[in-house]
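Student: For the sequence shown, my numbering gives the first residue as 2, with consecutive numbering after it. Here a beta-carbon is modelled for each residue, glycine too, at the ideal position from N, C-alpha and C. Following this message is one structure expressed as C-alpha cells.
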Amino acid sequence: MATPVFNGTGGSDTNQAVVTLPTTVAAGDLLMVFVGIDSNAGIASSPTDSTSDAWTTELIDNGANASAAVFCKTADGDEGAGLLTIVHTGGVESFGAVCVKIPAAEWGGTIGTDVDLPTAWTYDSAGTANPDPPTSDTHSWGTGAPTVYLTALVMNTAQTAAPTAPSTYTIDSTNGYAQNGATTGVGSCAVAWKEATSTADDPGTWTCDTSTINRTITVAVKGVAAAASGGIRPLVGSGNGLVG
Numbered sequence: 002m003a004t005p006v007f008n009g010t011g012g013s014d015t016n017q018a019v020v021t022l023p024t025t026v027a028a029g030d031l032l033m034v035f036v037g038i039d040s041n042a043g044i045a046s047s048p049t050d051s052t053s054d055a056w057t058t059e060l061i062d063n064g065a066n067a068s069a070a071v072f073c074k075t076a077d078g079d080e081g082a083g084l085l086t087i088v089h090t091g092g093v094e095s096f097g098a099v100c101v102k103i104p105a106a107e108w109g110g111t112i113g114t115d116v117d118l119p120t121a122w123t124y125d126s127a128g129t130a131n132p133d134p135p136t137s138d139t140h141s142w143g144t145g146a147p148t149v150y151l152t153a154l155v156m157n158t159a160q161t162a163a164p165t166a167p168s169t170y171t172i173d174s175t176n177g178y179a180q181n182g183a184t185t186g187v188g189s190c191a192v193a194w195k196e197a198t199s200t201a202d203d204p205g206t207w208t209c210d211t212s213t214i215n216r217t218i219t220v221a222v223k224g225v226a227a228a229a230s231g232g233i234r235p236l237v238g239s240g241n242g243l244v245g
C-alpha cells in the first residue's frame with residue numbers, strides 16, 4: 002500500500018518562504034507545496050529549489066488577508082532535504098507551507114495530465130469558522146484508477162491545533178498543518194486527503210476554532226490501476242524546516 006508524505010511547518014521571513022523538502026525523494030516522485038502567506042504578499046511564479054530546478058507554477062492567488070499558491074515538480078531524485086525558496090514582495094510576512102510527496106509508482110507520472118486543479122482558489126472574504134472548499138474539477142481519467150483528492154485551506158488566522166478536516170477526509174494533525182505561532186499577522190495552511198474512484202469530489206466543510214478569512218482549493222491526482230485493490234494512503238513524515 003503506497004503512502005504519500007505530508008510535511009508542514011510555518012515561520013516568518015522577509016520576502017521569501019523557504020521550505021525544506023522531504024528527507025527521502027526518488028526520481029519520479031510527485032512533489033506538491035501548498036503555501037499560505039499573510040496579506041497580499043505578491044507571490045512570484047516558478048520558485049527554485051536548492052538543486053537549481055524551477056517548479057511548475059500551478060496556481061497563485063495574491064490578494065488581501067492571505068495569499069495562496071500551489072507549486073509542483075516531478076522529482077529528479079536529488080531533492081531530498083533540499084530547500085524550496087518561494088519569493089514574494091510582501092516584506093516581513095508569516096507563512097505556512099505543507100509539502101506533499103506521492104511516490105513515483107503511485108501516480109500517473111505527468112503533471113500536465115495527471116494533476117487536476119481548478120482555475121482559481123475559492124476566496125471567502127467574509128470569514129467563517131467552517132470554510133467550504135470547492136468541488137474538484139471533473140478529471141479526465143474516469144474511474145479506472147484510484148484518485149487522491151487533496152483539499153487545502155489557507156487562513157489569515159492561526160490556531161494551536163490543526164483544524165478539523167472535512168468528514169470524509171483525513172489530516173495528519175502534526176505535518177498536515179503549518180502556521181508561525183503568532184496570533185496576528187498570520188498565514189497558515191492545512192491540507193487533508195482522501196482516496197476515491199469517483200470522477201470528482203465535494204469535500205464538505207472544515208471546522209476551525211474561530212471565524213477566519215480563507216482561501217480553499219481541491220486537487221485531484223491520478224493514481225495507478227495496480228494500486229486500486231490496496232489503495233493509496235498518506236505516510237506520516239517529519240516536519241519541514243523553514244529558514245528565516
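Excluding five sequence neighbours on each side, which residues of the same chain lie with their C-beta closer than 8 Å to the C-beta of residue 28?
Tutor: Taken in chain order, the residues that qualify are 76, 77, 78 and 105.
Student: Does the beta-carbon of residue 53 have 16 or more other beta-carbons within 10 angstroms, so that it is buried, or is it exposed?
Tutor: Flag for residue 53 reads exposed.
Student: Tell me the residue span of the alpha helix (DSSP H) that contains residue 91.
Tutor: Note, residue 91: premise wrong, no alpha helix (DSSP H); beta strand (DSSP E) at 84-103.
Student: Look at the alpha carbon of residue 188 and the alpha carbon of residue 21, and state the distance between them as a whole number of angstroms.
Tutor: Using only the alpha carbons, I get a separation of about 18 Å.
Student: I'd like the list of long-range same chain contacts for residue 140, defined as Cβ closer than 8 Å, with 5 residues on each side in sequence excluded.
Tutor: Same-chain partners within the cutoff: 117, 148, 200, 201, 221 and 223.
Student: On the criterion of 16 or more Cβ atoms from any shown chain inside 10 Å, does residue 219 qualify as buried, or is it exposed?
Tutor: With 16 or more other Cβ atoms within 10 Å, it is buried.
Student: Among 121, 145, 99 and 129, whose alpha-carbon lies nearest the alpha-carbon of residue 173?
Tutor: Closest option to residue 173, Cα to Cα, is 99.
Student: Please classify residue 39: is it buried, with 16 or more other beta-carbons within 10 angstroms of its beta-carbon, or exposed?
Tutor: Classification for residue 39: buried.
Student: Using a Cβ-Cβ cut-off of 6 Å (strictly less than) and excluding sequence neighbours within five positions of residue 31, which residues of its own chain qualify?
Tutor: Same-chain partners within the cutoff: 103 and 108.
Student: According to DSSP, is residue 39 part of a helix, a strand, or is it coil?
Tutor: Reduced to three states, the DSSP call for residue 39 is strand.
Student: Just to confirm my understanding: we take residue 217, look at its own chain, exclude 5 residues before and 5 after, and list those with CB closer than 6 Å. What are they?
Tutor: Closer than 6 Å at the Cβ level, and outside the excluded window around residue 217, lie 123, 132, 134 and 154.
Student: Return the first residue and the last residue of the alpha helix (DSSP H) that residue 115 is part of.
Tutor: Element bounds for residue 115: 112-115.
Student: So, with DSSP's three-state summary, where would you put residue 226?
Tutor: It is helical.
Student: With a threshold of 16 other CB atoms inside 10 Å of the CB of residue 95, please say whether the residue is buried or exposed.
Tutor: Buried.
Student: For residue 172, write down the residues that DSSP places opposite it in a beta bridge.
Tutor: Residue 172 is not bridged to any residue.
Student: Under a Cβ-count criterion, where at least 16 other Cβ atoms within 10 Å of its own Cβ denotes burial, should residue 213 be classed as buried or exposed?
Tutor: That one is buried.
Student: Compute the Euclidean distance between the alpha carbons of residue 197 and residue 144, then round it to the nearest angstrom.
Tutor: Near 9 Å, if we compare the C-alpha coordinates of residue 144 and residue 197.
Student: Give the list of continuous beta strand (DSSP E) stretches no shorter than 3 residues that lie fully inside the segment 130-217.
Tutor: Within the segment 130-217, the complete beta strand (DSSP E) runs of at least 3 residues are 148-156 and 189-197.
Student: Does residue 159 pass the burial test, meaning 16 or more other C-beta atoms within 10 Å, or should it be called exposed?
Tutor: Its Cβ being crowded by 16 or more others within 10 Å, residue 159 is buried.
Student: Is residue 28 helix, strand or coil when you go by DSSP?
Tutor: Coil, per DSSP.
Student: By a C-beta neighbour count over all protein chains shown, 10 Å radius and 16 as the cutoff for buried, is residue 114 buried or exposed?
Tutor: The residue is exposed, with fewer than 16 neighbouring Cβ atoms inside 10 Å.
Student: Within the same chain, show all residues whose beta-carbon is closer than 6 Å to that of residue 210, passing over the 5 residues directly before and after it, in chain order.
Tutor: If we look at residue 210 and ignore the five residues flanking it on each side, its Cβ neighbours are 160.
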